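Visitor:
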Amino acid sequence: MSLNLKFDYTHISSFVNDDIINQLQPEVDTAHEMLSNKTGKGSDFLGWLDLPFNSDAIVSEVIEVADRIKDKADTLVCVGIGGSYLGAKAVIEALQPKKGVEIVYAGHNIDSTSLSRLLKTLKDRKYCVNVISKSGTTLEPAVTFRIIKDNMKKKARKRIVATTDKAEGALKRMADAEGYKTFIIPDDVGGRFSVLTPVGLLPIAAAGVDIQALMQGAKDCAEAISQPDLSTNPSYRYAAIRSALYRAGTRIEILANFNPALHYISEWWKQLYGESEGKENKGLFPASVDFTTDLHSLGQYIQEGQRLIMETFLLVEKSKKQIQVPPDKNNYDGLNYLAGKSMDEINDNAYQGTALAHKDGGVPNMAIIMPELNAYNLGQLIYFFEKAVAISGYLLGVNPFDQPGVEAYKNNMFSLLGKPKAK
Ligand code: PA5
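Mapping of the sequence shown onto the working numbering: position 254 corresponds to residue 1231, and the numbering continues sequentially without gaps.
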C-alpha cells in the first residue's frame, strides 16, 4: 500500500549528509527488530502497532455508541488529560467535522474558572459525558468528573460513557457500580499511543469523523512503512535524521505548520515525543509553532537565536476551501501582483521562503506533507509519527513507552493535599 504522505528532507543535507544518515541503518535495523520481535525496552506496551489490523469489532461498537450519542445529545463532554484527550482533540480540530455533536473538553487542568464556564454552558445543552482515564486515578479528570456528575440529575447518568482499564482503578469500580457504558483501553497501549483505541475513536466518531477512514489510513501507512530500509521508509528516515541531528548537537525540534487547524496535532505530537524521549537527561525538546502567525514572534529566534534547533514542517497541499486574491482597479495596497493567486499558493510561497531562510540561518529543516486534510491522511500521519518515535527512542537508548517523570509532581501534590497512603 502506498503512503499518501510525502517526506522532503532536501534542506537537511548541508547539516547531516546522506552518508551519515545511511550509516545509522544497522542501528535502525536493530531498533526495528526490537519493535517487531517485542524484545526492546517497554515491549509490554506495543499493542498500538497492531491496532489498525485488529480493531474492526471495536470500531463498529464505537460507531454504534457514537450514533446513539448523536441521537440523544448535541454536546459530548470529554473528560481526560494527556493521552486521554489530545489525540481526539487533534483530529477533531484538524477536520472541523459538521455531522456530529460538539465536543467540549474538561479535566485537562484544575482551573475552576473554565470549569464553571463549562458548567454554565452545559445548563442549556443536551449532553453526554465521556470520562477517559486509563489509570482511572488521575486527579485532574477525576475531580472534574466528580464535579460534572454532581451537576447532573441522577437519571442523566445513563448518558455517561467511561473509557478505562479493563480491571484496575477507581473509574472502573465506579463505572461497574453505577452501570456506565464502558470501553476498555487495552493493557498494552499507553496513553499517548491510544488515539486509535476508543480513547480517541469515540469522541472522534461522535464529532462526525469517519473513523473507518482514519483506521484505514493508519493501516495503509503501517503496511507502507513495515520494512526498515531507510531509503524506502520515510518514517524511519525521519527518526534517523532526528537522531543524526541530535548526535550533532541539535537539542530542540520545532513542529511548524502553516494551517492553524493543525495546532492540536502539534500538541498531540509534543506529548508523544516529549514523554517518549525526554528521560535519562536525553532527548530532543519538542516545541511547536503555527505559521505564518508565529513568524511574527518566534520567527526571530528561529532565524537568529541559539543554533540548537531543527524544524519539521507539517504541510497540507490543498485546502478545503479555495480563496483567490481579487484584482482592484485602484491598487492602493499595491497587491495587484497577487491578483488571481490563491491563498494556498501564497501560503506555499511563505513556506518555501521560510524553509530556505531558516536553512540559511542554520536551522536544518524537513517537511511532512499531506495532500489534503482528511481522516484517511490523518490516520497515516498518526501511525507515521508513532512508529518514528518508537524507532527514534530506541536509537536514543531509552524506553519510549514509559513516563516515570510524570509521577514527580503528582507525589509532591498528593502529599501537599494530604492524600491517604494506599493500604
Ligand atoms: O501518556 C500517558 O500515559 C499520560 O500522559 C496519560 O495519558 C495521562 O497522564 C492521563 O492518564 P490517564 O489516562 O491514566 O488518566
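A virtual CB, placed ideally from N, CA and C, is assigned to each residue, including glycine. Computed from a predicted model, the values in this text were never measured in an experiment.
Pick from 1257, 1258 and 1285: whose alpha carbon is nearest that of residue 1264?
Guide: Nearest C-alpha to residue 1264 among 1257, 1258 and 1285: 1285.
Visitor: Am I right that residue 1061 and residue 1168 are in contact with their C-beta atoms under 8 angstroms? What's the rounded C-beta distance?
Guide: With a contact defined as Cβ atoms closer than 8 angstroms, residue 1061 and residue 1168 qualify at about 6 angstroms.
Visitor: Among 1159, 999, 1074 and 1093, whose alpha-carbon lies nearest the alpha-carbon of residue 1113?
Guide: 1159
Visitor: Could you tell me which whole beta strand (DSSP E) segments of length 3 or greater appear in the region 1044-1086?
Guide: 1052-1056 and 1079-1083
Visitor: What whole-angstrom Cβ distance do residue 1349 and residue 1293 have, given they're in contact under 8 angstroms?
Guide: With a Cβ gap of about 6 angstroms, residue 1349 and residue 1293 count as contacting.
Visitor: Rounded to whole angstroms, what's the CA-CA distance from residue 1077 to residue 1041? Just pull it up for me.
Guide: Roughly 13 angstroms separates the two Cα atoms.
Visitor: Which value, in whole angstroms, describes the spacing of the CA atoms of residue 1201 and residue 1025?
Guide: Straight-line Cα distance between these residues: approximately 16 angstroms.
Visitor: Would you say residue 1029 and residue 1173 are within 8 angstroms of each other, going by their C-beta atoms?
Guide: yes
Visitor: Measuring alpha carbon to alpha carbon, tell me which residue in 1071, 1012 and 1002 is nearest residue 1402.
Guide: Outside the displayed span of the chain (978 to 1400) sits residue 1402, for which this structure offers no information.
Visitor: Taking buried to mean at least 16 other C-beta atoms within 10 Å of its own C-beta, is residue 1357 buried or exposed?
Guide: buried
Visitor: Can you check the region 1164-1227 for any alpha helix (DSSP H) of at least 4 residues that lies completely inside it and give the ranges in chain order?
Guide: 1175-1183, 1188-1201 and 1211-1224
Visitor: Does the count of Cβ pairs from the region 1245-1265 and the region 1053-1069 closer than 8 angstroms reach three?
Guide: yes
Visitor: Just curious, the beta strand (DSSP E) that residue 1266 is in, first and last residue?
Guide: 1262-1267
Visitor: Short of 7 angstroms in beta carbon distance, which residues of its chain neighbour residue 1236, apart from the five on each side in sequence? Order them along the chain.
Guide: A distance below 7 angstroms between beta-carbons, with the five flanking residues on each side excluded, links residue 1236 to the following residues of its chain, in chain order: 1293.
Visitor: Is the Cβ-Cβ distance between residue 1302 and residue 1315 less than 8 angstroms?
Guide: yes
Visitor: Three or more C-beta pairs under 8 angstroms: does that hold for the region 991-1011 against the region 1365-1384?
Guide: The region 991-1011 vs the region 1365-1384: in contact.
Visitor: Pick out the complete alpha helix (DSSP H) segments inside the region 1306-1352, 4 residues or longer, and give them in chain order.
Guide: For the region 1306-1352, whole alpha helix (DSSP H) runs of length 4 or above, ordered along the chain, are 1320-1337.
Visitor: Go through its chain and collect everything with a Cβ distance to residue 1058's Cβ below 7 angstroms, but skip five positions before and after it.
Guide: 1084, 1085, 1115, 1117 and 1118
Visitor: Can the beta-carbon of residue 1056 be found closer than 8 angstroms to that of residue 1128?
Guide: no
Visitor: Can you list, in chain order, the stretches of the alpha helix (DSSP H) that have 4 or more residues and sit fully within the region 1360-1399?
Guide: 1384-1394
Visitor: Compare the beta carbon distance of residue 1233 and residue 1288 with 8 angstroms and say whether it is the shorter of the two.
Guide: Yes, the Cβ-Cβ distance between residue 1233 and residue 1288 is below 8 angstroms.
Visitor: What residue range does the alpha helix (DSSP H) around residue 1148 cover?
Guide: Counting along the chain, the unbroken alpha helix (DSSP H) around residue 1148 starts and ends at 1147-1155.
Visitor: For residue 1103, which residues in the same chain have their Cβ closer than 8 angstroms to its Cβ, ignoring the five residues on either side in sequence?
Guide: 1049, 1050, 1051 and 1052
Visitor: Indicate whether at least one CB of chain D lies closer than 8 angstroms to the CB of residue 1354.
Guide: In the structure shown, chain D does not exist; there is a single protein chain.
Visitor: In whole angstroms, give me the CA-to-CA distance for residue 1329 and residue 990.
Guide: 16 angstroms
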